[in-house]
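For the sequence shown, numbering that gives the first Met the number 0 begins at 0 and goes up steadily by one.
One structure is given below, encoded as structure tokens.
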Amino acid sequence: MTTGWIKLHWSVKGSLAWSNGQTFALWGHILLCTAYKPQLMRNGRRLEVGEALMSTKDLAKWIGVSDRTVRRYLQEFVADGMLEVLKSDRNGTHVKVCNWETFQRSGSETVREVQ
């Protein structure tokens, strides 16, 4: 999907994702790849709302770090309560973003003007 948007909550500033450019890029990429509605992937896996299937090797190339570094960052996101790894195999890493619906649900939002 290449249209639409995601919400980025102010609390990200106090999270691990904010700690450096690489973790912020990784977190943003995960959020952009996360299913906003249930969907069936080409490999037959079903993604529920708040889940994503990704390749750590592709993420590493995209961010410009090693595959090992991406896996370490994912483990840190898990330890920080931001992410849950549901399955990891040769088809990719299947993750669930914790509190996805809390931060991404539609409804009445407060618009804050930044000056």
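The C-beta atom is built at its ideal place from N, Cα and C for all residues, glycine as well.
The structure presented is a predicted model; accordingly, all values stated were derived computationally and were not measured.
Sheet register partners of residue i (DSSP bridge)
i: residue 115; result: Because the chain in this structure spans residues 0 to 114, residue 115 falls outside the shown range and cannot be described.
i: residue 82; result: 96
i: residue 46; result: 38
Endpoints, the beta strand (DSSP E) within which residue i is located
i: residue 51; result: 50 to 53
First through last residue of the alpha helix (DSSP H) which encompasses residue i
i: residue 66; result: 66 to 78
i: residue 5; result: Residue 5 -> no alpha helix (DSSP H), and no H or E assigned at all.
i: residue 100; result: 99 to 103
Assumed close pair residue i, residue j - CB separation to whole angstroms, cut-off 8 Å
i: residue 71; j: residue 55; result: With 8 Å as the limit, residue 71 and residue 55 do not qualify as a contact, their Cβ atoms being about 10 Å apart.
i: residue 30; j: residue 5; result: 5 Å
i: residue 21; j: residue 64; result: 6 Å
i: residue 122; j: residue 45; result: The displayed coordinates of the chain run from 0 to 114. Any statement about residue 122 would go beyond what the structure contains.
i: residue 81; j: residue 14; result: 7 Å
i: residue 133; j: residue 86; result: No information on residue 133 is available, as it lies outside the stretch 0 to 114 that the chain covers here.
i: residue 52; j: residue 91; result: 5 Å
Three-pair Cβ contact test at 8 Å for the stretch 83 to 102 versus the stretch 24 to 39: These segments touch.
Runs of alpha helix (DSSP H) wholly within the stretch 17 to 43 (minimum 4 residues, chain order): 20 to 32
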